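Below is one structure; the comments refer to it alone.
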Amino acid sequence: MRRLADGGRLDRSTTLAVTWDGREIEAHPGDTLASALLAAGITEVARSTVHGRPRGIVSAGAEEPCAYVQVDAPRSEPLVAATLVEAVDGLVAAPLAGFGRLAGDDLERHDRRHHHCDVLVVGGGTAGAAEARRAAAAGLRVVWAERDTGPLPDLGDDALCLSRTTAVGSYDDNLVMLVERVSSTRRRMWQVRAGEVVLATGAHERPLVFAGNDLPGVMLAGAARTYLERFALVPERAVVFTTNDAGTETAEALRAAGAAVTLVDARAGHAVVAAEGEGRLRSVLVAPIATPADAERVECELLAVSGGFEPVLDLHRHRRGGVRWDAPRACFVPHGTVRNQRIVGTAMGDGLPTVAALWLVPGGEERHAYVDLQRDVTVTDLRRAVGAGLESIEHVKRYTLVGTGVDQGRTAKTNAAAIAAGLLGREIAEIGTSTTRPPVEPVSFAVLAGRARGPRFEPVRTTPIHAWHVNHGAVFEDVGQWKRPWYYPQPGEDMDAAVLRECAAARTGVAMMDASTLGKIDIQGPDSAEFLNRLYTNSYDTLRVGRCRYGLLCRADGMVFDDGVVTRVAEDRFFATTTTGGAAAVLDWMEEWLQTEWPELRVHLTSVTEQWQTVAVVGPRSRDLLSSAFGAIDFSNEAFPFMTFRDTTFHKRFPARVSRVSFSGELAYEVSVPSDAGRLLWLGLWKAGEPLGVTAYGTETMHVLRAEKGFVIVGQDTDGTVTPIDLGMDWIVSKTKPFVGRRSLTRPDTARPDRKQLVGLLPDDPSVRLDEGAQLVLDPEQAPPVTMIGHVTSSYRSAALGRTFALALVRSGRERLGEPVYSPGADGITAARVVEPVFYDAEGLRRDG
Amino acid sequence: MTVEATLADRGHPRQLGLRVHPSSDAAGRVELLLGSRLPTEPNTVAGGVLWLGPDEWLIVDRELTETQLLGALAGEGAAVELSANRLALHVSGPGARDVLGSCCPLDLHPRVFGAGRCAQTLVAGVAVILERTGDGPGFRLLVRPSFAAHVRAWLIDAIEEPG
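Chains as they are written, first to last, in my numbering: chain X, 1 to 849; chain W, 1001 to 1163.
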């Protein structure tokens, strides 16, 4: 094709540097990559995916089935239609090789926006413009989206008018996803919730099926007209092959622009029975449809074809909107409605020409007559599918892949349905057309992710004391979304050394931990004790005001779900702590029972996890530290016994609560203040502890200390299949009152004696630490499959014991005390002895300091 | 170019959680103490009291203590001191709605979410209590402190979004 000296919507005063396949080609603002390629005389722009045949530019829009290219600059995109790529300075593109390639991470900024409107109009044509203007004039909030470059007119402050924007998917309740090409590299995804959706998406043309119809140079007639009128491109010699008036008009327009045009009109009984040429179109064979052998050869560089038009109904179909066959116009038109959605203009079929439908031109080689140019599906393939007994168009689609290409089969699906119908001896109206799904055009993952990447991907929760932990060299552990100090290595220390030092400090001096992440729930109301009685395995009506009690929660199946300390603050008020990871789940669990099963209970629950910051102070010298920090409280055993609390003030103005609870077996306290005073509290306690040589400890030390005492961690020593009885915690399970999960504990399976039970393990070699998660066997010599009797749940080095130890779940474990077990690992077999799961201070003498 | 909006950190406003049956005597006593009616229209604010549920409110920036509220309730319902439980971030300026549009799925148009409206929603995937402040294009976000850095990062990023 040749570019005319004037005409078209091009800015000829500017020439853009565009590189195609390593070669510079000329383009102007207003060009697409496709029009620039045609202007440069480049007809072959791709190789077909299956047959490897040369392919050219078929369309001037989104229906393009062939001209998919690799764009390398300014934004790397591996699979885009050349007809949709705007020519910009610095554009670098090449024929698509295979599936294309990504240029590593897409680091460009892509945004996502939520937007709401009364009316969303998709389509910038006359029908869309009329709808958008009418809605805006009525004072409605309007979003108007147009795929083309626009610009769209301004419709006021409450209107969002987006050109270069494609509606890629429509979902329930009129949620429509739009992708805006903000610049040549940036995209913005609009998530629009619309009161009403108006589809003014128009129609596109359909090709005709004949031998050689895939040669570069065969183009839709409307596209030829677009390349003429918008891009000022005209062929020397053209053949127009049409079934309708639109093709005839294209022929006249090309002729008026100076092309030599031969019109082949199916309505007059003529057809192009074959296109010929090596690598590109050179000539066509024209013959009467009735006698295709009487062919006459016509030389041409362009064959413009029009098989009819297809309303663009992707968004309607995404919502399961129906279609029906319209015989005079030979296309599927909307049938029935989607709630709060209207279709207007050409998309309804309005104004489409009457078509003398011609589905398969006789006389040519069917194996070269392409139905789907994108998927390389020929008439031969359809014949094979029907011959294999497939009758549904959905089955034909899956068997041949017709209509499954990146172009969504826009130009292929109706031809495929009609030809399949013909082969089956049925009507296309019966056969219908296959399902259409989002997205309308490819959307990259980087665009879907938007700004939710890197540091914004997921919240990182930290306590107000976090900066102190960082400044003191803490290594952090992820607990849910929280960052918790894991251990605080001193210069030269590895993890083992740091944890041994922290453990020793807690057992012999005083140590502090940030325990703020524990879940906290305020429970108020006259029925609070009854409510807790029904949920926890132990009783709370017997808990006196001012005292604390350790509690265990089971699911209805009797399996341990969470644990914590419950404090009775007043007759009708309790304060419960949960595990860090279980905080939200426990509150949900409590609310579920309260709201759905026991609405008669006068109880109210409030999450106060972040109202309070908590510091644990542990060790024989913790009493000294707290006496120094809170002079008003008598910390003696008699005045402040284990499992009680005292309310006081901190820094004269902050309420503070000191509780005597211990997760280490040592004398220990937990101090809580409102979170805005959390940092001050930590600093204050640290200062009070410095003369005592206070040590900060992290979660690893906490885990070692509790394991030495045989205290479990829910989620580490349990996995949702472990009952309180399995843990040896019968002492906390009430035999007299009902609670959630109690009945399940008497099921035959939960009462079975050979369940896995919590035991301690001492490796024979006291320097060897078993792997957490390692399987345990009784006979390491057994031929495979080896009988596995349990696994290690927790395993540490202990400063207090001067050796390694572990907790494990072992089948009939309590009957095996004193027996050997073996853990086969990568480094050989480790032998250990089953022991009671309490390793330190079994008598509980250290609790009172 | 950046979006015309500012983000301000306003620390911890005084907050009290209130649970009481709206037609109970206790609710009447609380209203007497407040000197104003508890809003009963969902997601509205009246006299610094935010409707959070049919029997749940958040009382913000009122000279009131948990003890006073518990006294008025006299055993019916619940009152919880929550000042430290959330902190306040303010987004204001002509572009405030665009900024929140980047990370909040709610319709914040003044016709829908005008003065006196509040909502419990997600901002950047984090649960917040969102409130329209005054008649201008401004919003207060009550966010739990541990999530504040994440929400702040999203809002700042949106303010810096190139047009």
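Glycine residues also receive a C-beta, built at the ideal position from the N, C-alpha and C atoms.
All of these numbers come straight from a predicted model, not from anything done at the bench.
With a threshold of 16 other CB atoms inside 10 Å of the CB of A417/X, please say whether the residue is buried or exposed. Here residue 417/X corresponds to residue number 417 of the first sequence, with the count starting at 1. A417/X is buried by the Cβ-count criterion.
May I ask you to list, following chain order, the residues of the stretch 444 to 457 of chain X that have a beta carbon less than 7 Å from some beta carbon of chain W? R451, P455 and R456
Which residue marks the beginning of the beta strand (DSSP E) containing E196/X, and which one marks its end? Taking the first residue of the first sequence as 1, we reach residue 196/X at position 196. It spans R187 to L199 - the beta strand (DSSP E) in which E196/X sits, taken as one unbroken run.
In its own chain, which residues sit with a C-beta less than 8 Å from the C-beta of A429/X, not counting the 5 before and 5 after it? Along the first sequence, one-based indexing puts residue 429/X at 429. Cβ neighbours of A429/X beyond the five flanking positions: R324, W325 and A327.
Taking Cβ-Cβ distances below 7 Å as the criterion, which residues of the stretch 521 to 537 of chain X are in contact with chain W? D522, Q524, G525 and P526
Using the rule of at least 16 other Cβ atoms within 10 Å of the residue's Cβ for burial, across every protein chain shown, is L107/X buried or exposed? Looking up residue 107/X in the first sequence gives position 107. Looking at its Cβ environment, which holds fewer than 16 other Cβ atoms inside 10 Å, L107/X is exposed.
Beta-carbon gap between F640/X and D647/X smaller than 8 Å: Here residue 640/X is taken as the residue at index 640 of the first sequence, counted from 1. Here residue 647/X is taken as the residue at index 647 of the first sequence, counted from 1. Contact flag unset, no.
Backbone CA spacing between P824/X and R317/X [nearest angstrom]: Here residue 824/X refers to the residue found at position 824 when the first sequence is read from its first residue. Here residue 317/X refers to the residue found at position 317 when the first sequence is read from its first residue. Between P824/X and R317/X, the C-alpha separation is close to 58 Å.
Going by beta carbon distance, what residues of the same chain come within less than 8 Å of N471/X, once the five residues before and after it are set aside? Indexing the first sequence from 1 puts residue 471/X at position 471. None.
Quick test of the definition: if touching needs 3 or more C-beta pairs under 8 Å, does the stretch 1100 to 1110 of chain W touch the stretch 104 to 124 of chain X? yes
Burial state of W731/X, where buried means 16 or more other Cβ atoms lie within 10 Å: Locating residue 731/X in the first sequence gives position 731, counting from the first residue. With fewer than 16 other Cβ atoms within 10 Å, it is exposed.
Consider the Cβ of T596/X: report whether some Cβ of chain W lies at a distance smaller than 8 Å. Here the question's residue 596/X lines up with position 596 in the first sequence. No, because no Cβ of chain W sits closer than 8 Å to the Cβ of T596/X.
If you run the structure through DSSP and keep just helix, strand and coil, what is V786/X? Walking along the first sequence from the start, residue 786/X turns up at place 786. Correct three-state label for V786/X: coil.
Collapsed DSSP secondary structure at K397/X in the structure displayed: Position 397 of the first sequence holds residue 397/X. Looking at K397/X - three-state DSSP - the assignment turns out to be helix.
Pull out every residue of the stretch 668 to 692 of chain X whose Cβ sits closer than 9 Å to any Cβ of chain W, in chain order. V673, P674, S675, D676, A677 and G678
Within 10 Å of its beta-carbon, does D1009/W have 16 or more other beta-carbons around it, so buried, or fewer, so exposed? For this step, residue 1009/W is matched to residue 9 along the second sequence. It counts as exposed.
Ranges of the beta strand (DSSP E) found wholly within the stretch 261 to 323 of chain X, counting only runs of at least 3: 270 to 276, 283 to 288, 296 to 299, 302 to 306 and 309 to 311
Buried or exposed by the 16-neighbour rule on C-beta atoms within 10 Å, applied to L745/X: Along the first sequence, read from residue 1 onward, the residue named residue 745/X stands at position 745. When all chains shown are included, L745/X counts as buried.
Which of the three DSSP states, helix, strand or coil, is assigned to W598/X? Here residue 598/X is taken as the residue at index 598 of the first sequence, counted from 1. W598/X falls in the coil class under three-state DSSP.
Starting from N1085/W, find everything on chain X with Cβ-Cβ shorter than 7 Å and list it in chain order. Against the second sequence, residue 1085/W aligns to sequence position 85. Result: V608, E610 and Q611.
Opening and closing residue of the beta strand (DSSP E) in which R1029/W lies: For the purposes of this step, residue 1029/W is taken as the residue at position 29 of the second sequence. That residue, R1029/W, is in no beta strand (DSSP E); its alpha helix (DSSP H) goes D1025 to L1034.
Which same chain residues, not among the five before or five after V694/X, have their C-beta less than 7 Å away from its C-beta? Translated into the one-based positions of the first sequence, residue 694/X becomes position 694. Here the set comprises V510, A511, M512, L625 and W686.
At the level of alpha carbons, what is the spacing between P1162/W and R164/X? For this step, residue 1162/W is matched to residue 162 along the second sequence. For this step, residue 164/X is matched to residue 164 along the first sequence. Whole-angstrom Cα-Cα distance: 17 Å.
Segment limits, beta strand (DSSP E) that includes S607/X: As a position in the first sequence, residue 607/X is number 607, starting the count at 1. Looking at the DSSP string, the run of the beta strand (DSSP E) that includes S607/X is H604 to S607.
What does D111/X reach in chain W if we use C-beta pairs closer than 7 Å? Residue 111/X sits at position 111 when you count from the first residue of the first sequence. What D111/X touches in chain W: S1102 and E1161.
Whole angstroms is fine: what's the gap from L1070/W's alpha carbon to S183/X's? Taking the first residue of the second sequence as 1, we reach residue 1070/W at position 70. Taking the first residue of the first sequence as 1, we reach residue 183/X at position 183. The alpha-carbon atoms of L1070/W and S183/X are separated by roughly 59 Å.
Alpha carbon to alpha carbon, what distance is there between L1007/W and L1155/W? Within the second sequence, the letter at position 155 stands for residue 1155/W. Within the second sequence, the letter at position 7 stands for residue 1007/W. If I take the Cα positions, the gap works out to 8 Å.
Measure the CB-CB distance between R461/X and W482/X and report whether it falls below 8 Å. What you label residue 461/X is simply residue 461 of the first sequence in a count that begins at 1. What you label residue 482/X is simply residue 482 of the first sequence in a count that begins at 1. Yes, Cβ-Cβ distance for R461/X and W482/X is below 8 Å.
I want to see whether chain X comes within less than 8 Å of G1095/W, judged by CB atoms only; does it? Translated into the one-based positions of the second sequence, residue 1095/W becomes position 95. Output row for G1095/W: interface = no.
Candidates A474/X, G665/X and V586/X, of which the one nearest V838/X by Cα: Here residue 838/X corresponds to residue number 838 of the first sequence, with the count starting at 1. Comparing Cα positions, the closest option is G665/X.
Straight-line CA distance for D352/X to P65/X? Working through the first sequence from its first residue, we reach residue 352/X at position 352. Working through the first sequence from its first residue, we reach residue 65/X at position 65. For the sequence presented, residue 352/X should be read as Leu rather than Asp. About 22 Å.
Using a C-beta cutoff of 8 Å, does F1139/W count as contacting chain X? As a working note, residue 1139/W is residue 139 in the second sequence. For F1139/W, the answer is no, since every Cβ of chain X falls outside 8 Å of its Cβ.
Which term fits L1087/W, buried or exposed, when burial requires 16 or more other beta carbons within 10 angstroms of its beta carbon? The count along the second sequence starts at 1 and reaches residue 1087/W at position 87. So L1087/W ends up on the buried side.
F642/X and R660/X closer than 8 Å at C-beta: By 1-based counting over the first sequence, the position of residue 642/X is 642. By 1-based counting over the first sequence, the position of residue 660/X is 660. Result yes, Cβ atoms of F642/X and R660/X sit closer than 8 Å.
Check E427/X in the structure and name its three-state DSSP category. Within the first sequence, residue 427/X is the residue found at index 427, counting from 1. Note: E427/X maps to coil in three-state DSSP.
Near-chain X residues of the stretch 1028 to 1060 of chain W (beta-carbon distance less than 7 Å), N- to C-terminal order: none
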